[in-house]
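First comes the structure, then the notes that go with it.
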Amino acid sequence: MAPHARVRAPELIGKGGWLNTGGTALTLADLRGRIVILDFWTFCCVNCLHVLDELRELEEKHRDTVVIIGVHSPKFVHEAEHQAVVDAVERYEVHHPVLDDPELATWKQYAVRAWPTLVVIDPEGYVVAQHAGEGHAHALEQLVGELEAQHAAKGTLRRGDGPYVAPEPVATDLRFPGKAVLLPGGTFLVSDSTRHQLVELAADGESVLRRVGSGERGFGPDGFSEPQGLALLPDGTVAVADTVNHALRAYDPATGTVTTLAGTGRQWMQGRPTSGPATEVDLSSPWDVAWFADRLWIAMAGVHQLWTYDPATGTVEVAAGTTNEGLVDGPAPEAWFAQPSGLAATEDRLWVADSETSALRYVERDGEGFAVRTAVGTGLFDFGHRDGEAAQALFQHPLGVTALPDGSVAVSDTYNHALRRYDPATGEVTTLATDLREPSDAVLAGDDIVVVESARHRLTRLRLPEEAVRVESVAHRTQRAATDVAPGRLRLDVVFQAPTGQKLDTRYGPSTRLLVSSTPPELLAEGSGTGTDLGRDLVLADGVTEGVLHVSAMAASCDDDPENEYPACHMHQQDWGVPVRVVPGGAERLPLVLAGLDA
């Protein structure tokens, strides 16, 4: 194994304390002799959720040598609340210790720049690798095997049970429900996400009539994995966004059967098909579904796009979005989304809750195609709870949107614990209800609106108020320390070291891609756009003193075995949003680690 830089791992500190340890505070000294993988995550981030799933197999296979520590590092204000982190750890079945770091203390100690980031610490307490983004499971498996062999030979590997202590289970009829739909008979079908089931509730929204699914993760006829969105199809069946199975399922209320409409059970990655026979094309974390323009539209949160499924032809295809994360309007194929998570259709618009930009957006017909517009929201880093004119109104990570009878829409403003309303006729945003706990969806039932209170594990019935609730306005920006950079030329280097036994895949052309942009766009005088080199000289414009550099990088590596005609290949990708402040004497180089260590 190639020698690694000897960098001592900083201590783990976080004001929120430790979860999943039975109340014990852990130190690196407690973990000496074990291979430690720090997973810097935040629960709003779908890429972080992908990594949680990628780590499950590694965690099980090496549980006597590897300790995974989740370091929860919040983006949104709500994510800094300790109870919200407790809820997220249960919601996503995190089965390892978690450090709640609301002030990003450990994040700063490890110079982390993006969610998710993985840092590997060897049994002697030294940092040996860092990986940003998802798709690194194979590289981690390789590195863990090397570290096990090396430190077993040195006598520095300590095997045994890890520090994870499971919390006590809580009995409720629903556990972190995601979405709901009103069935023709007046009952409610709810995606009981953490229990991997669908639950039919009586018209009272409380009495359980039946459960669909085994309650265990699975992809068979009785299995779901964290299901979310639900939509009635014209044939009377219900489409289900089977999120962590990366699939669309169909549930028939008449027979109780579950079939697969689209997806393979594998996560879509760059380079794979984006259209074709539905059950042969990979999907990526479908979060919601809605019937619009004679198609089933899919909020493909995992790749920041909208896809469609056509039941007449049994095919899927991309309908809007480029896979780049951000807020860009225009023709549907050119638009940018950021983790679209809620859909609602009217006759002429498909409304979209675009969660990571805290935005309400919509799709409408535009000539022969479709266009994407923004009603409320400005970008990835501005959020809050502010009513009034849409241009200055703010949401905080909304997950749901519901069409109302008067042409307006209700927004499940999840991290503000509120139900909001946007009226296209007046361009105004108001608050309908507060004191909801992480509302993630809402459905109309007569004169009432029934809200999925995800973190209270229930449906809550509200009378649609005639007048809006008044709240005190508050605005926020993502709290991350800006990087001081020097005026003029800035060298951007994305660091990528192929895992041991692999090399960059150049058989079909360049195997790397780099996309750079900025907010505001005027920050960059030169260097924006797409290229194939992972290094680039940027030129910062005169007169712009701060902003955010948006960097998206991708690298494909394959097994380096000349005897194998069809080597296994792996995709590594990550998006960074790096706040920068232009000051004399600032850094002239900006390194971003995709995989490996910056020399």
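Our numbering applies: residue 109 is where the sequence shown begins, and numbers increase by one. Even for Gly, the Cβ is constructed at its ideal location relative to N, Cα and C. Since the structure is predicted, the reported quantities are computational estimates derived from the model, not experimental observations.
query	result
Residue 369 CB to nearest heavy atom of the ligand SAM below 7 angstroms	Here there are no bound small molecules, and the ligand SAM is not part of this structure.
Euclidean distance between Cα positions of residue 489 and residue 670	46 angstroms
Rounded C-alpha distance that separates residue 403 from residue 479	16 angstroms
Buried versus exposed, by CB contacts within 10 Å (16 or more), residue 287	buried
For residue 512, the three-state DSSP class (helix, strand or coil)	coil
Nearest-angstrom Cβ-Cβ length linking residue 664 and residue 679, presumed shorter than 8 angstroms	5 angstroms
Integer-rounded CB distance, given that residue 205 should sit under 8 angstroms from residue 150	Wrong, their Cβ atoms sit about 17 angstroms apart, outside the cutoff.
Three-way DSSP call (helix, strand, coil) for residue 275 in this model	coil
Beta strand (DSSP E) runs contained entirely in the region 119–205, provided each spans 3 or more residues	125–127, 143–149 and 174–180
Per DSSP, cross-strand counterpart(s) of residue 493	582
Residue range of the unbroken alpha helix (DSSP H) whose run includes residue 259	245–262
Under the three-state DSSP convention, the category residue 76 falls into	Absent from the structure is residue 76, since the part of the chain shown begins at 109 and ends at 707.
Secondary structure of residue 358, DSSP reduced to three states	strand
Neighbour-count burial assignment, residue 111, 16 or more Cβ in a 10 Å radius	In this prediction, residue 111 has a pLDDT of 48, which is less than 50 and means its spatial position is unreliable; nothing more can be read from the coordinates.
Residue closest to residue 249, alpha-carbon to alpha-carbon, out of 173, 210 and 533	173
Helix, strand or coil at residue 384 according to DSSP, with G and I counted as helix	strand
Chain-order list of residues whose beta-carbon lies under 6 angstroms from that of residue 308 (same chain, five-residue window excluded)	295, 297, 317 and 318
Segments assigned alpha helix (DSSP H), at least 4 residues, entirely inside the region 592–673	none
Residue 659 beta carbon less than 8 angstroms from that of residue 238	no
Cut-off 8 angstroms between Cβ atoms - residues of its own chain near residue 504, not counting five sequence neighbours on either side	184, 185, 186, 466, 491, 492, 493, 521, 522, 523, 524 and 584
Classification of residue 438 by the beta-carbon crowding that lies within 10 angstroms, buried from 16 upward	exposed
Rounded C-alpha distance that separates residue 468 from residue 668	46 angstroms
Between the CA atoms of residue 606 and residue 704 - distance to the nearest angstrom	8 angstroms
Residue 419 burial status per 10 Å Cβ neighbour count (16 or more: buried)	buried
Short Cβ contact (8 angstroms threshold) for residue 423 with residue 385	yes
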